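For the record, in the sequence shown the residue sitting at position 7 is 6 according to numbering that gives the first Met the number 0, with numbers rising by one throughout.
Here the structure is laid out as structure tokens; the discussion comes afterwards.
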Amino acid sequence: MTNPSSQSVLFAASEVSLTNRPKRAKPPVSSGVIGMLIFMVTEAMFFAGLISAYMVIRSGIEEWPPWGQPRLPVETTAFNTLVLLLSGLTMGFSRNLLQKQKFKEGRRLLGISLLLGTFFLVAQGYEWVQLLNFGMTVSSSVYGGLFYLIIGAHGFHVVGVLAVLIHAWNRLGASNNPITAEGLLPLQLLWYFVVCVWPVLYVLVYLT
């Protein structure tokens with residue numbers, strides 16, 4: 000039978016062992032970032048497949064674009080490309096401000112990124128309407144089908160990321176449980192992916 004003094008010694012020893020137990024190190028990369036990187040790799044493979052199919056089909060057709068199909072608005076889309084690239088820049092500045100605990104300024108820049116991304120999407124939609132009016136449809140030619148498939152796939156990704164970023168923007172305005180710079184990082188990476196893929200598609204589809 001242990002006496003009170005020995006019990007106090009054992010309790011103190013257990014407290015010391017718990018206090019001196021090394022804390023679990025925080026992983027250098029969060030699970031959210033790792034998951035997003037894996038997702039981005041799969042999406043990169045998806046777009047690589049679309050680009051490969053486009054190049055193979057195009058190499059087998061002598062006249063490209065085919066006769067009778069409207070020419071794409073190269074200059075207008077070039078401006079639209081600059082708008083999308085600018086949205087990636089403001090996204091980076093937004094997260095830098097969040098890291099400095101400047102949530103109001105960071106939220107404002109995130110809102111600008113959303114507006115720029117929305118402008119890009121609306122401008123692309125207007126371009127589609129114009130091309131459809133000129134007779135370029137999915138079924139009008141292989142050229143039209145590939146155009147709407149590739150550019151539409153990118154537009155679908157833009158819509159999806161914008162929807163998630165709007166949720167993040169609302170979270171930044173909430174007084175309880177606002178999103179942090181670390182929480183915004185996976186979304187920032189995904190937006191960078193959408194932004195960086197577009198110039199490749201622009202050069203491939205519009206310029207070559």
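Quick reminder that beta carbons are idealized off the backbone N, C-alpha and C, glycines included.
Since the structure is predicted, the reported quantities are computational estimates derived from the model, not experimental observations.
Just the C-alpha distance for residue i and residue j, rounded to the nearest angstrom, thanks.
i           : j           : result
residue 146 : residue 204 : 7 Å
residue 163 : residue 144 : 29 Å
residue 70  : residue 64  : 8 Å
residue 168 : residue 141 : 40 Å
residue 96  : residue 102 : 7 Å
residue 107 : residue 114 : 11 Å
residue 60  : residue 200 : 19 Å
residue 33  : residue 58  : 37 Å
residue 53  : residue 44  : 14 Å
residue 157 : residue 62  : 31 Å
residue 125 : residue 76  : 11 Å
residue 206 : residue 122 : 18 Å
residue 38  : residue 31  : 11 Å
residue 173 : residue 183 : 15 Å
residue 13  : residue 28  : Note that residue 13 scores a pLDDT of 45, beneath 50, so its modelled location is shaky; the value from the coordinates is reported in the next line. Those two C-alpha atoms are separated by around 33 Å.
residue 165 : residue 42  : 21 Å
residue 40  : residue 46  : 10 Å
residue 132 : residue 198 : 25 Å
residue 36  : residue 51  : 22 Å
In or out: residue i buried (at least 16 other Cβ within 10 Å) or exposed?
i           : result
residue 81  : exposed
residue 100 : exposed
residue 135 : buried
residue 67  : exposed
residue 105 : buried
residue 196 : buried
residue 19  : Here the model assigns residue 19 a pLDDT of 49, short of 50, so the residue's position is not dependable, and the following value carries that caveat. Residue 19 should be labelled exposed.
Going along the chain, which residues of its own chain have a beta-carbon closer than 6 Å to the beta-carbon of residue i, five neighbours each way excluded?
i           : result
residue 160 : 189, 190 and 193
residue 119 : 79, 82 and 83
residue 187 : 90 and 94
residue 178 : 167, 170 and 171
residue 86  : 112, 115 and 116
residue 109 : 93 and 168
residue 73  : 205
If you drop the 5 nearest sequence neighbours on each side, which residues of the same chain put their C-beta closer than 7 Å to that of residue i?
i           : result
residue 130 : 69
residue 137 : 143, 144 and 147
residue 111 : 89
residue 154 : 120 and 123
Considering only residues of the same chain and omitting the five flanking positions on each side of residue i, which have a CB-CB separation below 8 Å?
i           : result
residue 98  : 180
residue 49  : 148, 149 and 152
residue 128 : none
residue 56  : 141 and 145
Can you find a heavy atom of the ligand ATP that lies under 7 Å from the Cβ of residue i?
i           : result
residue 116 : Although the ligand ATP was asked about, the structure shown includes no ligands whatsoever.
So, is the C-beta of residue i closer than 8 Å to a C-beta in chain D?
i           : result
residue 138 : The chain labelled as chain D is not found in the depicted structure, where only one protein chain is given.
Uninterrupted beta strand (DSSP E) stretches inside the stretch 140–185 (no shorter than 3 residues): none
Secondary structure, alpha helix (DSSP H): runs of 4+ residues fully inside the stretch 49–127: 73–98
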